[in-house]
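Engineer: Let me give you the structure first, and then I'll get to my questions.
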Amino acid sequence: MDLDELQRRALRIHDLYDELNLRERGRVWTREEFMLGFVGDVGDLAKLVMAEEGAREVPGGGRAALEHELADCLWSVLILAHRYDVDLDAAFLRTMDELDRSISGRRVGGRPGSDEPGSDEPVREQPVSEQPVSAPGRRDDGPV
Numbered sequence: 283m284d285l286d287e288l289q290r291r292a293l294r295i296h297d298l299y300d301e302l303n304l305r306e307r308g309r310v311w312t313r314e315e316f317m318l319g320f321v322g323d324v325g326d327l328a329k330l331v332m333a334e335e336g337a338r339e340v341p342g343g344g345r346a347a348l349e350h351e352l353a354d355c356l357w358s359v360l361i362l363a364h365r366y367d368v369d370l371d372a373a374f375l376r377t378m379d380e381l382d383r384s385i386s387g388r389r390v391g392g393r394p395g396s397d398e399p400g401s402d403e404p405v406r407e408q409p410v411s412e413q414p415v416s417a418p419g420r421r422d423d424g425p426v
């Protein structure tokens with residue numbers, strides 16, 4: 283299944299939820315409420331990952347629950363992209379290209395956070411407490 287098909291399926295469920303919410307509550311979810319739902323799903327996913335790694339017990343957990351929660355998170359990302367009119371395919375490819383360039387540049391002796399190869403001097407790793415805090419969404423931060 284490709285991204286277009288995933289998006290079509292996600293939008294079908296989105297539309298069903300809208301119909302249900304209109305009938306039961308007289309309104310549909312806002313973009314902010316979809317985001318809050320996503321945050322809840324990510325929290326549930328975190329608990330299931332911890333359980334999968336043996337760090338906690340989750341009643342009703344297991345592989346099926348982990349797969350379900352990953353799918354819920356993907357659904358939320360697809361819906362948020364739709365609601366914010368983001369071409370997820372293009373954004374994903376652009377972001378992966380940026381990360382590829384950034385990581386590849388750092389692997390060949392570049393400066394951390396730079397796309398350009400720098401000197402061959404070793405980079406002194408800073409303890410976490412001394413590392414500068416950067417704004418969220420910076421392209422050189424790596425996965426968040």
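This note's numbering numbers the first residue of the sequence shown as 283 and each following residue consecutively. Glycine included, each C-beta is placed from N, C-alpha and C at the ideal position.
Is it the case that the Cβ atoms of G319 and L330 are separated by a distance below 8 Å?
Structural biologist: For the purposes of this step, residue 319 is taken as residue 37 along the sequence shown, with counting starting at 1. For the purposes of this step, residue 330 is taken as residue 48 along the sequence shown, with counting starting at 1. No. Outside cutoff.
Engineer: Could you check what DSSP says for V390 in three-state terms: helix, strand or coil?
Structural biologist: Residue mapping note: residue 390 aligns to position 108 of the sequence shown, counting from 1. In this structure, V390 counts as coil in the three-state DSSP scheme.
Engineer: In three-state DSSP terms, what is M283?
Structural biologist: For the purposes of this step, residue 283 is taken as the residue at position 1 of the sequence shown. The answer is coil: DSSP assigns M283 none of H, G, I, E or B.
Engineer: Taking C-beta to C-beta, are D371 and L285 nearer than 8 Å?
Structural biologist: For the purposes of this step, residue 371 is taken as residue 89 along the sequence shown, with counting starting at 1. For the purposes of this step, residue 285 is taken as residue 3 along the sequence shown, with counting starting at 1. Cβ atoms of D371 and L285: closer than 8 Å.
Engineer: Is the separation between the beta-carbon of D323 and that of S358 shorter than 8 Å?
Structural biologist: Reading the sequence shown from its first residue, position 41 is the one you call residue 323. Reading the sequence shown from its first residue, position 76 is the one you call residue 358. Yes. Within cutoff.
Engineer: Using 10 angstroms around the beta-carbon of E349, count the other beta-carbons present and answer buried if the total reaches 16, otherwise exposed.
Structural biologist: Position 67 of the sequence shown, counted from the start, is the residue given in the question as residue 349. So E349 ends up on the exposed side.
Engineer: Applying the 10 Å Cβ sphere with the 16-neighbour rule, what's the burial state of G387?
Structural biologist: Taking the sequence shown and counting its residues from 1, one reaches residue 387 at position 105. Burial call: buried.
Engineer: Could I get the ranges of all uninterrupted alpha helix (DSSP H) runs contained in the stretch 292-375, with 4 residues as the minimum, in chain order?
Structural biologist: DSSP runs (the alpha helix (DSSP H)) wholly in the stretch 292-375: 313-334, 345-365.
Engineer: Can you tell which of V390, V321, R290, D297 has the C-alpha that lies nearest to the C-alpha of C355?
Structural biologist: The residue labelled residue 355 in the question sits at position 73 within the sequence shown. The shortest C-alpha separation from C355 is found at V321.
Engineer: Pull up the distance between the alpha-carbon of E334 and that of R345, whole angstroms please.
Structural biologist: Along the sequence shown, one-based indexing puts residue 334 at 52. Along the sequence shown, one-based indexing puts residue 345 at 63. If you take the alpha carbons of E334 and R345, they lie about 8 Å apart.
Engineer: Would you kindly work out how many angstroms separate the C-alpha atoms of R305 and F374, rounded to a whole number?
Structural biologist: Position 23 of the sequence shown, counted from the first residue, corresponds to residue 305. Position 92 of the sequence shown, counted from the first residue, corresponds to residue 374. Their backbone Cα atoms lie some 35 Å apart in a straight line.
Engineer: Applying the criterion that 16 or more other CB atoms from any shown protein chain within 10 Å of the CB defines a buried residue, is L302 buried or exposed?
Structural biologist: Looking up residue 302 in the sequence shown gives position 20. Under this definition L302 is an exposed residue.
Engineer: Can you give the Cα-Cα distance for M332 and V340, rounded to whole angstroms?
Structural biologist: Position 50 of the sequence shown holds residue 332. Position 58 of the sequence shown holds residue 340. About 9 Å.
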